[in-house]
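Chemist: Structure below; questions to follow.
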Ligand SMILES: Cc1cc2nc3c(=O)[nH]c(=O)nc-3n(C[C@H](O)[C@H](O)[C@H](O)COP(=O)(O)OP(=O)(O)OC[C@H]3O[C@@H](n4cnc5c(N)ncnc54)[C@H](O)[C@@H]3O)c2cc1C
């Protein structure tokens, strides 16, 4: 016997769960979440759990401002069960010309709606340090700190070479698992139910969705199907005969203990914005340079290595991330992990945090994991109708799926229920690619602020 639902959502990662939350809030009927894995256990369990409203793309900025508004409201309503903080992101450079870029670009992002940008160059400045916990009574916008004395007054663990640091304030981190559970539990309390299974087919009649098939052989009658399959967005799109313009990239993350306290326990997310070469002893460098397979370790590395403290109380854990090699690939599970990653990230972080060198000869045992970013070419998400009557897509949330979940969930619910759409809706709909002008704009899109 087949079950009947008004909406079937394929995928119970943070995106599918957020969609279920907002659809049930809108009273969209009987909603079923289907996943072959337990809820929130795939990509959504691998993230750094950070958020920011600081985006040079105005459409992304508007989406993130909305998503953060929603997260803050949920944090208030729940007694902040997901421990949302507002420590910010700190972008640091030792290069005077990059400092000028930070100054110019931060002015532009601020003027797009990210909040005021304040410049501080003397120790008597009105710069307000972040509270380590919670998110109330914190400024938004960003503070640009110029000069090493001022930077190290507030962040003493940073290098004496730092000349500028941009502290983005409507930013920080939270527990993605707890946020996801909050969204799932509230959805469940409104009647959403979860079923374990793999979606293997979507039935159509006269071009409209009529039901969903599972690998168990079960069939679910439903006029609406939502593809929230994360890294498998493209595969699930094919079940509808729709080729979604997305690809996947493997991204890693390493955690180590920091018993020396190299990273302040109250630190924001710390990001080094300068390219570099890794620090090696001369003999090490010479040996690596001679080895064809290891020579790359002596060559130049990109900007962007970042870290943050993880955990409260006595925790000594820090997270380390650095995309020094982009790996576009089909999602394979479990992913093949690059065992050199933790040491490379640690050495890269020494440019910003000189005491990391004290771990070079005895590196704390790392925990390494990773997951897939699912991305469109221009790194905007896909949210809205999926070219077949009754079919919708929500995903391609790349490295920002936790912070955007509430915003994209709300947007998807507005598409499905016919509610008024926000100004950014068209920028994230699949139909945007039908516009030749939009297609042309993709040629020169560039990087719009993805970590
Ligand atoms: C290393 C790393 C760091 C990150 N850091 C951040 C960060 O700091 N901030 C941030 O906002 N984001 C971050 N992200 C990104 C974020 O984790 C993802 O964007 C987000 O988790 C994607 O959620 P999702 O629900 O789309 O996908 P997923 O969590 O992967 O969920 C998709 C679900 O669909 C299910 N599924 C797929 N196909 C089927 C099928 N046929 N039948 C049934 N079920 C199916 C899967 O089992 C899975 O559970 C990071 C990601 C990585 C890898």
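In our numbering, the protein residues as written are -6 to 444.
Glycine included, every Cβ here is placed at the ideal spot set by N, Cα and C.
Count the other CB atoms within 10 Å of the CB of residue 438; is the residue buried (16 or more) or exposed (fewer)?
Modeler: exposed
Chemist: Given residue 251, which residues of its chain have a CB within under 6 Å of its CB, disregarding the five upstream and five downstream residues?
Modeler: When the five nearest sequence neighbours on each side are left out, the beta carbons in the same chain lying within less than 6 Å of the beta carbon of residue 251 are those of 309 and 311, in order along the chain.
Chemist: Do the CB positions of residue 3 and residue 218 come within less than 8 Å of each other?
Modeler: Yes; because the gap between Cβ atoms is below 8 Å, this pair is in contact.
Chemist: Can you look up residue 36 in the DSSP assignment and give me helix, strand or coil?
Modeler: helix
Chemist: Looking at C-alpha atoms only, which residue of 106, 56, 165 and 13 is the closest neighbour of residue 414?
Modeler: 56
Chemist: Taking residue 301 and residue 361 to be in contact with their CB atoms under 8 Å, please state how far apart those CB atoms are, rounded to whole angstroms.
Modeler: About 17 Å; that fails the 8 Å criterion.
Chemist: Under the assumption that residue 364 contacts residue 36 (Cβ atoms under 8 Å), give the Cβ distance between them as a whole number of angstroms.
Modeler: 4 Å
Chemist: Buried or exposed: where does residue 198 fall if 16 or more other Cβ atoms within 10 Å of its Cβ makes it buried?
Modeler: exposed
Chemist: Could you round the C-beta distance between residue 108 and residue 134 to whole angstroms and report it? I think they count as a contact, below 8 Å.
Modeler: With a Cβ gap of about 3 Å, residue 108 and residue 134 count as contacting.
Chemist: If residue 61 sits next to residue 185, beta carbons under 8 Å apart, how far is it from one beta carbon to the other, in whole angstroms?
Modeler: 24 Å between Cβ atoms; not a contact.
Chemist: Could you give the DSSP three-state label for residue 249: helix, strand or coil?
Modeler: Three-state DSSP puts residue 249 in a strand.
Chemist: Going by CA-CA distance only, name the one from 208, 216 and 12 that's closest to residue 201.
Modeler: 216
Chemist: If you run the structure through DSSP and keep just helix, strand and coil, what is residue 266?
Modeler: coil
Chemist: I'd like the span of the alpha helix (DSSP H) that includes residue 403, first residue to last.
Modeler: 394 to 410
Chemist: Given a threshold of 16 other Cβ atoms within 10 Å of its Cβ, counted over all protein chains shown, does residue 368 qualify as buried or as exposed?
Modeler: buried
Chemist: Closest to residue 50 by C-alpha separation, out of 373, 137 and 353, would be which residue?
Modeler: 373
Chemist: Is the region 241 to 259 touching the region 317 to 335 in the sense that three or more CB pairs, one from each, lie closer than 8 Å?
Modeler: Of all C-beta pairs linking the region 317 to 335 to the region 241 to 259, three or more are shorter than 8 Å, placing the two stretches in contact.
Chemist: Given that a residue counts as buried once 16 or more other Cβ atoms are within 10 Å of its Cβ, and exposed if not, what is residue 298?
Modeler: buried
Chemist: In terms of residues, what are the limits of the alpha helix (DSSP H) holding residue 179?
Modeler: Following the DSSP letters along the chain, one finds residue 179 inside the alpha helix (DSSP H) bounded by residues 169 to 182.
Chemist: Any chance you could list the beta strand (DSSP E) runs of at least 3 consecutive residues sitting entirely within the region 46 to 88, in chain order?
Modeler: 82 to 86
Chemist: For the beta strand (DSSP E) containing residue 386, list its first residue and its last residue.
Modeler: 384 to 388
Chemist: Please check the pair residue 26 and residue 187, which I expect to be a contact at CB under 8 Å, by giving their CB distance rounded to whole angstroms.
Modeler: 5 Å
Chemist: Can you tell which of 276, 285, 261 and 337 has the C-alpha that lies nearest to the C-alpha of residue 303?
Modeler: It is 261 whose Cα lies nearest to the Cα of residue 303.
Chemist: When every heavy atom of ligand 1 is checked, does at least one fall within less than 7 Å of the C-beta of residue 50?
Modeler: no
Chemist: Got a sec? Which residues, its chain only, sit under 6 Å from residue 176 by beta carbon, not counting five neighbours each side?
Modeler: 10, 11 and 14
Chemist: Quick one: is residue 69 buried, meaning 16 or more other Cβ sit within 10 Å of its Cβ, or exposed?
Modeler: Under a 10 Å Cβ-count criterion, residue 69 is classified as exposed, with fewer than 16 other Cβ atoms of the shown protein chains found around its own Cβ.
Chemist: Within 8 Å, do at least three Cβ pairs link the region 277 to 291 to the region 348 to 359?
Modeler: no
Chemist: State the start and end residues of the unbroken beta strand (DSSP E) segment that holds residue 203.
Modeler: 201 to 207
Chemist: In the structure shown, what three-state DSSP assignment does residue 188 receive?
Modeler: strand
Chemist: For residue 79, tell me which candidate among 45, 317 and 53 has the shortest Cα-Cα distance.
Modeler: 45
Chemist: Write down every uninterrupted run of the beta strand (DSSP E) in the region 295 to 377 whose length is 3 residues or greater and which is fully enclosed by it, in chain order.
Modeler: 299 to 302, 310 to 314 and 360 to 368
Chemist: My output table needs one value for residue 278: the three-state DSSP class, helix, strand or coil.
Modeler: helix
Chemist: If you drop the 5 nearest sequence neighbours on each side, which residues of the same chain put their C-beta closer than 8 Å to that of residue 357?
Modeler: 249, 250, 251 and 252
Chemist: Among 30, 138 and 398, which has the Cα closest to the Cα of residue 326?
Modeler: 30
Chemist: Please state the DSSP three-state secondary structure of residue 124.
Modeler: coil
Chemist: Among 246, 247, 382 and 343, which residue has its Cα nearest to the Cα of residue 85?
Modeler: If we check each option's Cα against that of residue 85, 343 comes out closest.
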